[in-house]
Amino acid sequence: MNKFSIWFPPVFYLLLAAVFLYRTTFVGDVFLPAGLLGYIAPYQTAIHAHSLPPWNPLRWDGIAQFYPWRLFAARTVRSGLLPLWNPYQFCGAPFVANSQSAVFYPPNLLFDPLPTTIAFNLNALLHLTLCGWFTYLFLKQLRCSTLSSLLGGCVYAYSAWQVQWLQLPTFLATSCWFPLVLRQLYRLLRTHSAPGTSLTSAGASIGLMLLAGHLQIAFYGLLAASLWSLALLIRTANERKALGRSIALSAGAFLLGGLLCAVQLLPTLELSRLSHRATQATTAGYQEYVGYALQPYELTTLFLPNLTGNDYDPQNHYWGFYLQSAANALVAVRHNAAETALYVGILPLLLAALAVYRALQRQSLNYRALFFVLLAVLALLMALGTPLDALFYFGIPGFGASGSPARILVLWALAIACLAAFGLDYLLESPPNKRALLALFAVLLAGFGLCLFLVSQALSVPLPGFDLLHVPTFSQALSRIPYDWVRLGAGFILAAVLFWQAHRRSKSVSFTLAVSCLAITIADLFWTGIPINPVARPAWVYPRTPGIRYLQAHLGHERIFPINRFWSLDHPPPAVLPPNGAMVYQLRDVQGYDSLFPGQLKAYADQFARPNRFGVSDASPPEVGNMVFFQNPNAPLLPTTSARYAVALPTDNPAFANVTLPPSTPPLSLSSNDLTLYLLSSALPRARFLSDNPKLLNPPVTYLQDLPTRVVLRVTALTSGLLILADENYPGWEATVDKQPVPILTPPASQGSLFRAVRLAPGNHIVAFQFQPSSFNIGLYLSLTGLLILCWESSKNLFRSRKTM
Numbered sequence: 001m002n003k004f005s006i007w008f009p010p011v012f013y014l015l016l017a018a019v020f021l022y023r024t025t026f027v028g029d030v031f032l033p034a035g036l037l038g039y040i041a042p043y044q045t046a047i048h049a050h051s052l053p054p055w056n057p058l059r060w061d062g063i064a065q066f067y068p069w070r071l072f073a074a075r076t077v078r079s080g081l082l083p084l085w086n087p088y089q090f091c092g093a094p095f096v097a098n099s100q101s102a103v104f105y106p107p108n109l110l111f112d113p114l115p116t117t118i119a120f121n122l123n124a125l126l127h128l129t130l131c132g133w134f135t136y137l138f139l140k141q142l143r144c145s146t147l148s149s150l151l152g153g154c155v156y157a158y159s160a161w162q163v164q165w166l167q168l169p170t171f172l173a174t175s176c177w178f179p180l181v182l183r184q185l186y187r188l189l190r191t192h193s194a195p196g197t198s199l200t201s202a203g204a205s206i207g208l209m210l211l212a213g214h215l216q217i218a219f220y221g222l223l224a225a226s227l228w229s230l231a232l233l234i235r236t237a238n239e240r241k242a243l244g245r246s247i248a249l250s251a252g253a254f255l256l257g258g259l260l261c262a263v264q265l266l267p268t269l270e271l272s273r274l275s276h277r278a279t280q281a282t283t284a285g286y287q288e289y290v291g292y293a294l295q296p297y298e299l300t301t302l303f304l305p306n307l308t309g310n311d312y313d314p315q316n317h318y319w320g321f322y323l324q325s326a327a328n329a330l331v332a333v334r335h336n337a338a339e340t341a342l343y344v345g346i347l348p349l350l351l352a353a354l355a356v357y358r359a360l361q362r363q364s365l366n367y368r369a370l371f372f373v374l375l376a377v378l379a380l381l382m383a384l385g386t387p388l389d390a391l392f393y394f395g396i397p398g399f400g401a402s403g404s405p406a407r408i409l410v411l412w413a414l415a416i417a418c419l420a421a422f423g424l425d426y427l428l429e430s431p432p433n434k435r436a437l438l439a440l441f442a443v444l445l446a447g448f449g450l451c452l453f454l455v456s457q458a459l460s461v462p463l464p465g466f467d468l469l470h471v472p473t474f475s476q477a478l479s480r481i482p483y484d485w486v487r488l489g490a491g492f493i494l495a496a497v498l499f500w501q502a503h504r505r506s507k508s509v510s511f512t513l514a515v516s517c518l519a520i521t522i523a524d525l526f527w528t529g530i531p532i533n534p535v536a537r538p539a540w541v542y543p544r545t546p547g548i549r550y551l552q553a554h555l556g557h558e559r560i561f562p563i564n565r566f567w568s569l570d571h572p573p574p575a576v577l578p579p580n581g582a583m584v585y586q587l588r589d590v591q592g593y594d595s596l597f598p599g600q601l602k603a604y605a606d607q608f609a610r611p612n613r614f615g616v617s618d619a620s621p622p623e624v625g626n627m628v629f630f631q632n633p634n635a636p637l638l639p640t641t642s643a644r645y646a647v648a649l650p651t652d653n654p655a656f657a658n659v660t661l662p663p664s665t666p667p668l669s670l671s672s673n674d675l676t677l678y679l680l681s682s683a684l685p686r687a688r689f690l691s692d693n694p695k696l697l698n699p700p701v702t703y704l705q706d707l708p709t710r711v712v713l714r715v716t717a718l719t720s721g722l723l724i725l726a727d728e729n730y731p732g733w734e735a736t737v738d739k740q741p742v743p744i745l746t747p748p749a750s751q752g753s754l755f756r757a758v759r760l761a762p763g764n765h766i767v768a769f770q771f772q773p774s775s776f777n778i779g780l781y782l783s784l785t786g787l788l789i790l791c792w793e794s795s796k797n798l799f800r801s802r803k804t805m
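Numbering (this note's numbering), first residue to last: 1 to 805.
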């Protein structure tokens with residue numbers, strides 16, 4: 001194999017990614033949806049733009065979760081610490097245990113030395129490149145031609161699923177490893193390569209996939225890998241080869257992958273057990289889960305990707321919906337384009353259909369193609385919320401807490417990418433006859449007609465909620481997407497021409513045909529995908545407003561209490577300094593937003609809740625159960641939060657009266673109107689001493705260190721009593737008094753029972769709290785063991801290669 005054939009594919013995919021991300025590669029924008037901050041106080045006063053991207057609650061996570069997390073992790077690592085604990089949200093919370101922090105995922109090392117905005121740009125560029133290249137390597141391993149493999153890599157990397165989730169980096173960072181995992185398992189079980197090398201490379205691929213941060217997507221990768229291994233083992237058994245050895249090798253690869261990711265996985269499992277999601281799977285929960293699945297009418301986006309609207313065309317706003325039962329009636333609720341991303345291109349769909357046709361021919365049954373046919377069908381059935389989902393929902397602990405069932409469409413995208421590559425090779429090697437070709441096009445057109453019928457039925461009767469979502473009529477929906485019709489028509493016509501030309505079996509025609517298929521596919525997917533993700537100017541990323549500067553100057557070691565009450569899936573919510581935003585400015589906050597957080601914090605926050613639109617007092621808005629607001633600054637437990645300032649919307653904001661329940665103190669006079677601040681004089685200090693003698697004044701507590709994983713305090717106690725640190729207690733926190741270990745106690749309810757306390761005798765004391773979770777320590781040892789195995793095998797290979805030189 002010459003150097004050109006080795007280096008051309010990754011360079012090709014790198015150039016494609018640079019063009020796809022041209023606004024961040026060449027123009028100087030940042031690949032973050034920071035424009036969404038322009039809807040929210042206090043950033044409204046600092047972000048001035050003629051037009052902001054439409055509100056998208058899922059894309060909001062890119063700027064509201066991933067940017068603060070990556071910034072915090074990088075700052076902590078630069079300071080010489082591991083970011084095991086996050087002191088800035090939820091009154092303190094585990095950080096590494098949040099799997100999406102992905103602290104130990106090697107590509108995230110980019111964030112440590114670089115500015116965070118630049119690292120986000122490079123992260124997207126890197127993983128798009130890897131996604132295409134790994135798919136190419138997998139298809140070449142399956143003996144596809146070079147151009148077919150290049151096409152398959154483009155389809156998977158730039159499918160609607162990958163592009164829609166691109167600004168939530170753990171999705172692509174996890175899914176890009178799927179094809180490499182399948183390739184390494186194939187090499188392990190079906191080739192004559194050195195078993196030790198193949199086992200460690202397969203295990204490393206699985207470990208990296210799990211470390212990348214999104215456990216639901218990683219589960220789908222493990223599902224595909226398990227089914228692929230099973231298929232390869234069945235082939236091995238049919239060929240009467242050493243089945244036991246193959247089973248042992250396969251199990252060893254998965255075990256090694258588990259060892260490598262244990263440093264991340266064990267803390268996550270511990271937090272899952274203690275989190276707000278730690279509930280039993282119920283029938284009602286299952287119905288809610290599958291209710292959010294891909295709707296049958298949304299299958300039409302296979303052909304017309306913008307049928308249900310989008311976030312960039314003002315003439316075709318997103319209107320996709322699913323149905324929810326409310327008061328014995330069905331109500332249309334906003335869906336999200338990312339949860340229903342099916343589009344893989346017109347030509348790849350036709351090529352995949354050709355591969356299905358050939359795979360099912362008895363005289364030329366192709367087991368590899370048949371596997372991906374079944375994988376695509378499985379993914380589609382589960383995405384549609386069929387009873388198959390119940391097997392996973394009730395059968396796998398914790399699966400019920402995962403996101404939408406339609407996220408399994410990542411396996412659909414991978415399966416169609418592989419089938420498209422197989423189909424192109426079939427087209428070049430033995431094109432179908434005219435009758436088969438006509439039948440193929442007829443089946444696809446019939447499928448398209450059925451999909452249009454499903455859309456007409458879904459829109460035939462207006463439902464409650466249609467007005468809010470601005471759902472169009474059937475004819476309006478079809479008339480809003482002229483470019484989709486052009487793309488569909490051009491795709492079918494060009495495909496027909498190419499398929500017809502395939503009958504000319506000359507070598508030059510085959511090469512031109514393959515290059516044409518590749519070019520048409522890239523043009524189609526880029527045309528569809530490039531406008532989807534909004535970019536922003538660097539100055540829009542969490543600007544420092546006057547109110548923020550005031551808090552940074554005056555807050556000290558205490559917290560803020562943002563008064564938020566509502567969230568929205570349909571339009572920008574009336575919110576101020578929403579959860580996680582304070583992390584960027586290193587301000588401690590009572591609220592938070594995370595896919596996993598301790599359930600005890602939710603119970604504490606519920607004591608500050610006000611009735612929502614359903615009349616239920618809940619700290620989490622109905623739209624987002626992973627978000628926690630502290631809504632009432634006059635609640636009896638307010639002093640326990642150690643919040644020095646309440647932060648509210650500007651008083652001239654129309655939503656101020658509906659959202660804000662003002663504290664009893666008047667607002668501070670500030671020189672700007674970006675937010676409203678109230679001094680909470682009743683708040684207790686975050687570190688405080690509670691004397692056993694209530695008649696004595698409690699002495700002040702001095703901070704000697706206040707780091708994420710270590711807090712050291714000094715106090716002179718005149719009597720015995722409790723030293724209370726109003727940071728959330730959690731397994732792994734240890735305390736010492738004058739360097740002697742002591743138990744961490746639970747403070748009285750009036751002081752906040754989820755916080756930490758130690759008992760002190762009279763005298764001068766140095767009290768230290770240190771976070772050393774055993775789940776992390778055990779996971780670290782296991783991961784180091786896996787890493788040693790990996791290094792040992794690599795050194796053996798290096799020794800062998802030098803010996804044979």
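From the three backbone atoms N, C-alpha and C, an ideal C-beta is built for every residue, glycine too. All values reported here derive from a predicted model rather than from experimental measurement.
>> Once the 5 residues before and after residue 691 are set aside, which same chain residues still bring their CB inside 6 Å of it?
In response: 698, 719, 721
>> Could you pull the DSSP bridge partners for residue 611 from this structure?
In response: 617
> For residue 68 versus residue 583, is the C-beta spacing smaller than 9 Å?
Replying inline: yes
>> Quick check: the Cα distance between residue 769 and residue 760, rounded to an integer number of angstroms?
In response: 14 Å
> By DSSP, does residue 39 sit in helix, in strand, or in coil?
Replying inline: helix
>> In whole angstroms, give me the CA-to-CA distance for residue 213 and residue 96.
In response: 10 Å
>> With H, G and I counted as helix, E and B as strand and the rest as coil, what does DSSP make of residue 548?
In response: helix
> DSSP three-state call for residue 345: helix, strand or coil?
Replying inline: coil
> Taking the C-alpha atoms as reference points, what is the distance between residue 172 and residue 795?
Replying inline: 31 Å
>> As a quick exercise: from 550, 731, 767, 205, pick the residue whose alpha carbon is nearest that of residue 786.
In response: 205
> How long is the line joining the alpha carbons of residue 490 and residue 463, rounded to whole angstroms?
Replying inline: 35 Å
> Can you name the start and end residues of the alpha helix (DSSP H) that residue 195 belongs to?
Replying inline: 195-211
> Are the CB atoms of residue 517 and residue 347 nearer to each other than 9 Å?
Replying inline: yes
> Nearest to residue 288 by alpha carbon, out of 575, 201, 389, 337?
Replying inline: 389
> Do you know whose CA, among 42, 19, 102, 371, lies nearest residue 542's CA?
Replying inline: 42
> From 261, 159, 586, 638, pick the residue whose C-alpha is nearest to that of residue 751; which is it?
Replying inline: 638
>> Is it buried or exposed, residue 473, if we count other Cβ atoms within 10 angstroms and call 16 or more buried?
In response: exposed
> Helix or strand or just coil, what does DSSP make of residue 703?
Replying inline: strand
>> I'd like to know if the stretch 653-669 and the stretch 117-135 are in contact, where contact means that at least 3 CB-CB pairs between them fall below 8 Å.
In response: no
> Would residue 202 be called buried (16 or more neighbouring beta carbons within 10 Å of its own) or exposed?
Replying inline: buried
> Looking at the unbroken beta strand (DSSP E) that takes in residue 322, where does it start and where does it end?
Replying inline: 321-326
> Should residue 440 and residue 319 be called a contact, given that it needs their Cβ atoms to be closer than 9 Å?
Replying inline: no
> For residue 764, which of helix, strand or coil comes out of DSSP?
Replying inline: strand
>> Is there a C-beta anywhere in chain D that falls below 9 Å from the one on residue 547?
In response: Absence of chain D from the displayed structure is noted, only one protein chain being present.
>> Short of 6 Å in beta carbon distance, which residues of its chain neighbour residue 271, apart from the five on each side in sequence? Order them along the chain.
In response: 94, 97, 596
>> Judging by CA-CA distance, which residue of 725, 24, 13, 314 is the nearest neighbour of residue 131?
In response: 13
> Quick one: what does DSSP say residue 334 is sitting in, helix, strand or coil?
Replying inline: strand
> Taking C-beta to C-beta, are residue 569 and residue 333 nearer than 9 Å?
Replying inline: yes
> Alpha carbon to alpha carbon, what distance is there between residue 693 and residue 781?
Replying inline: 47 Å
>> Can you find the residues in the same chain that come closer than 7 Å, C-beta to C-beta, to residue 249, ignoring five residues on each side of it along the sequence?
In response: 188, 189, 195, 199
> Roughly how many angstroms separate the alpha carbons of residue 434 and residue 154, rounded to a whole number?
Replying inline: 28 Å
> Under a Cβ-count criterion, where at least 16 other Cβ atoms within 10 Å of its own Cβ denotes burial, should residue 254 be classed as buried or exposed?
Replying inline: buried
> Which word fits residue 86, buried or exposed, when buried means at least 16 other C-beta atoms lie within 10 angstroms of its C-beta?
Replying inline: buried
> Any idea which residues DSSP pairs residue 437 with across the strands?
Replying inline: Paired residues: none, contrary to the question.
> Alpha carbon to alpha carbon, how far is residue 634 from residue 682?
Replying inline: 10 Å
>> Taking 7 Å as the limit between beta carbons, can you name the residues of its chain near residue 408, skipping five residues before and five after?
In response: 220, 379, 382, 383
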